[in-house]
Amino acid sequence: MNRMTRTAPRRNVDEITASRRLRRMRKADWSRRLVQENRLTVDDLIWPIFLIEGENRREEIAAMPGVHRLSVDLAVREAERAAKLGIPAIATFPNVDMSLRDQTGSEILNPDNLINRATRALKDAVPEIGIITDAALDPFTSHGHDGILRDGIIVNDETVDQVAQAALLQAAAGADVIAPSDMMDGRIGAIRDTLDANGFQDVAIMSYATKFASAFYGPYREAIGTQGLLKGDKKTYYIDPANTDEALRETEQDLLEGADMVMVKPGLPYLDIVRRLKDEFAMPTFAYQVSGEYAMIEAAARNGWIDGERAMVESLLAFKRAGCDGILTYFAPRVAELLKA
Ligand code: PBG
298 MNRMTRTAPR RNVDEITASR RLRRMRKADW SRRLVQENRL TVDDLIWPIF LIEGENRREE
358 IAAMPGVHRL SVDLAVREAE RAAKLGIPAI ATFPNVDMSL RDQTGSEILN PDNLINRATR
418 ALKDAVPEIG IITDAALDPF TSHGHDGILR DGIIVNDETV DQVAQAALLQ AAAGADVIAP
478 SDMMDGRIGA IRDTLDANGF QDVAIMSYAT KFASAFYGPY REAIGTQGLL KGDKKTYYID
538 PANTDEALRE TEQDLLEGAD MVMVKPGLPY LDIVRRLKDE FAMPTFAYQV SGEYAMIEAA
598 ARNGWIDGER AMVESLLAFK RAGCDGILTY FAPRVAELLK A
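Just so it is clear: in the sequence shown, position 117 is 414 by my numbering, and no numbers are missing.
Structure representation (structure tokens):
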């Protein structure tokens, strides 16, 4: 055999570059699987669910087709299904009866309010699933803001005191993680101190560290019934969508105050923030694929304009690529079913 045909001649960089063929590893399913860098698993999923009063009630949310408000008994049933699918955690959001909403959101301090009753029922029936509760006031206020409104101003410190007390009640009801979404300054430290002083050292805090003043929350406001209530906007407490350094400062502050996990919200339009936070702080990092993101994919899919299933998986994979440890997504049970198949 001719040796010359077996020994490649020395090649210069240009020649090497010219012979590089990236399609080689893409040519077959086996090689694509072998070189896949990121993978979505059921362990990445947190399922946000909506609660309503009553029994055996299940109402579809018009702007979120396929997503329902559930009475506590049905939420328990869904949590059982989620646990069987291997979904690690559920995040609850209440649609509070209008008669219980007021200027200060005082119903959040009722130990037997809808969130706390649901937490007790869920923990009782499905103890193995993590329960994440939000301590923000917006489902409880008559104006739909996340804080106490006085003379047209969302007052920070009074809100923080109330949020910390609400977090304590949520922990006492059995919540595993408190996830305050209100963006008041100092809330993480206040919640940590209050939990620790009352024997709840093991209850974790997931900070909505970087929550942006976004249009993508629209359908959520229908889901919890704050749509018609909200006066003005939330720009005095959520972050300007134009800012990324500020998101870093906010996250640093929340971590110094004791946050165990950080979250970016909304998700897909803010993947640059996810990447920056992960690189900068190396903390457990999550993103919330919010209602408007869900609605866009679902609406296009239901119109036959995109392949909904593929868009769902691709969007969730994008979070993994950006550095997320997990994703809050309304697609959670659907994607879990798909991953199991
Ligand atoms: C407010 C809150 C919001 C969401 C969860 N809690 C946003 C808002 O109404 O301002 C949004 C979730 C979603 O859009 O899916 N504390």
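Backbone N, C-alpha and C define an ideal beta-carbon position, used for all residues, glycine too. In this text, all values refer to a predicted model and were calculated from it rather than measured experimentally.
Hey, A432 and A388 are a contact pair by Cβ (cut 8 angstroms); roughly how many whole angstroms apart? The beta-carbon separation of A432 and A388, rounded to 12 angstroms, does not stay under the 8 angstroms limit for a contact.
What whole-angstrom Cβ distance do A539 and I485 have, given they're in contact under 8 angstroms? Actually they are not in contact, since the Cβ atoms of A539 and I485 sit about 24 angstroms apart, beyond 8 angstroms.
Nonlocal neighbours in the same chain, by C-beta distance under 6 angstroms from A422, ignoring five residues either side: V373
Relative to ligand 1, is the shortest distance from any of its heavy atoms to the C-beta of S328 smaller than 6 angstroms? no
DSSP on G402, reduced to helix/strand/coil? coil
Leaving out five residues on either side along the sequence, give the residues of the same chain with a beta carbon under 7 angstroms from the beta carbon of N353. S368, D370 and L371
Could you please give the first and the last residue of the uninterrupted alpha helix (DSSP H) stretch that includes P630? A629 to K637
Collapsed DSSP secondary structure at F513 in the structure displayed: The answer is helix: DSSP assigns F513 an H, G or I state.
Pick from L337, D479 and T491 that is closest to G623, judged by C-alpha positions: Looking at L337, D479 and T491, the one whose alpha-carbon comes closest to that of G623 is L337.
Close beta carbons around T456, own chain, < 6 angstroms, minus the five adjacent residues each side: G444, I445 and M481
Just to confirm, is the Cβ distance from I429 to T416 under 7 angstroms? Taking 7 angstroms as the Cβ cut-off, I429 and T416 do not qualify as a contacting pair.
Could you pull the start and end residues of the beta strand (DSSP E) that E590 belongs to? First-last for E590: S588 to R599, but that is the alpha helix (DSSP H), not the beta strand (DSSP E).
When D576, G620, L545 and E375 are compared against A418, the one with the closest alpha-carbon: For A418, the closest of D576, G620, L545 and E375 by C-alpha to C-alpha distance is E375.
Does the distance from the CB of K617 to the CB of N335 come in under 7 angstroms? A Cβ-Cβ contact shorter than 7 angstroms links K617 with N335.
Note down, in chain order, each residue of its chain lying with its Cβ closer than 7 angstroms to the Cβ of P362, except the 5 sequence neighbours on either side. These residues qualify, in order along the chain: E595 and R599.
For G496, count neighbouring Cβ atoms within 10 angstroms of its own Cβ and tell me buried if that reaches 16, exposed if not. Sixteen is the threshold: since fewer than 16 other Cβ atoms of the shown chains lie within 10 Å of the Cβ of G496, the residue is exposed.
Host alpha helix (DSSP H) of V369 (start-end): V369 to L382
Return yes when at least one heavy atom of ligand 1 lies under 6 angstroms from the C-beta of Y514, else no. Within the chosen limit of 6 angstroms, ligand 1 reaches the beta carbon of Y514 through at least one heavy atom.
Kindly indicate if chain D contains any beta-carbon less than 7 angstroms away from that of D490. Judged by its chain identifiers, the structure shown contains no chain D, having just a single protein chain.
As a quick exercise: from K420, R546 and A380, pick the residue whose alpha carbon is nearest that of I570. R546
Alpha carbon to alpha carbon, how far is G564 from A359? 22 angstroms
Can you check which of these residues, M503, F390, G471 and I405, is closest to D458 by C-alpha distance? I405
Can you say whether V332 is buried or exposed, counting buried as having 16 or more other CB atoms within 10 angstroms of its CB? Taking all protein chains shown into account, V332 has fewer than 16 neighbouring C-beta atoms within 10 Å of its C-beta and is therefore exposed.
So, for E519: in the same chain, excluding its five sequence neighbours on each side, which residues have a beta-carbon less than 7 angstroms away from its beta-carbon? I358, A359 and A360
Classification of Q467 by the beta-carbon crowding that lies within 10 angstroms, buried from 16 upward: buried
Where V339 sits in the DSSP three-state scheme: helix
So, under 8 angstroms CB-CB, Y505 and M560 are touching, yes? Tell me the CB distance rounded to an integer number of Å. 5 angstroms
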